[in-house]
Amino acid sequence: MAELQPHAADAFAGNTCGICQTGIEVGEEVGTCPACQAPFHAECWAENGGCAQYGCAHMPGTSTAEAPTAAHTYWGQEEKTCFDCGQQIKVAALRCRFCGAVFSSNQPLSSSEVVTQEQVSARRAAAGRVAVGLFVAGLMPCTAPLALLAGGVWCLNNRETIRKLPSQRRVMAWVGLGAAASSTVLMLLAALFLGS
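Numbering of the sequence shown is given in UniProt numbering, commencing with residue 1 and proceeding in unit increments.
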């Protein structure tokens, strides 16, 4: 901190201290900033730790205190149990440091919830493969009747699963079923009219 240059208060009487914003009276300890010559009370200068004028070289430095960081928690829990090995790990961990099991989110899950999630994702993946197969089979005229029959039954039994498929797979299932229906109808009409 730079030293305040002392002056007689009479020379600055009537001026305002830049720190406390009060008038400087005769008889007070007053000084000026060595860089910008702004008048201040000596007590204000000492308390502030330097000049109060914006941009002055003798302004006190800002302290960059570390912002307190809270531990990563989930509903107040700081640790969760690994569903694979049973060890306690941090909630924020997406991989167990003991067994290497990978978590899909930082939300604590029980082993039954993990199994349920794995089963649901496996069912969705299988339904996606069936949708692609139905699409391909529905586009080929030789397999269209079979695709219409088997795909129609599958679509009726798995409407909820189909609804949750990604849009591309969902469209493939319905387009494959539609193509199978139209191919089958065209083959039946061709057989009726060309066969007679």
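We treat Cβ as the ideally placed atom computed from N, Cα and C, and that holds for glycine. In this text the structure is predicted, and so the values were computed from the model without any measurement.
Check whether the Cβ atoms of residue i and residue j lie closer than 8 Å to each other.
i: G138; j: L177; result: yes
i: C85; j: F98; result: yes
i: K80; j: R124; result: no
i: P108; j: Q87; result: no
i: A122; j: T161; result: no
i: W154; j: V120; result: no
i: A181; j: L148; result: yes
i: C17; j: C36; result: no
Checking the sheet assignment: what are the DSSP bridge partners for residue i?
i: P6; result: G31
i: K80; result: I89
i: Y54; result: Looking at the DSSP assignment, Y54 forms no beta bridge with any residue, so it has no partner.
i: T16; result: G23
Rounded to the nearest angstrom, how far is the Cβ of residue i from that of residue j, given a contact under 8 Å?
i: Q5; j: P34; result: 6 Å
i: F135; j: V185; result: So it is not a contact: roughly 18 Å between Cβ atoms.
i: residue 207; j: P141; result: No information on residue 207 is available, as it lies outside the stretch 1 to 196 that the chain covers here.
i: H72; j: A92; result: 4 Å
Legend entry - Contiguous alpha helix (DSSP H) assignments of at least 4 residues, all confined to the stretch 101–153: 111–139
Legend entry - Segment contact, 8 Å Cβ cut-off, at least three pairs: the stretch 154–173 with the stretch 184–192: no
Legend entry - Three CB pairs or more closer than 8 Å across the stretch 32–50 and the stretch 12–23: yes
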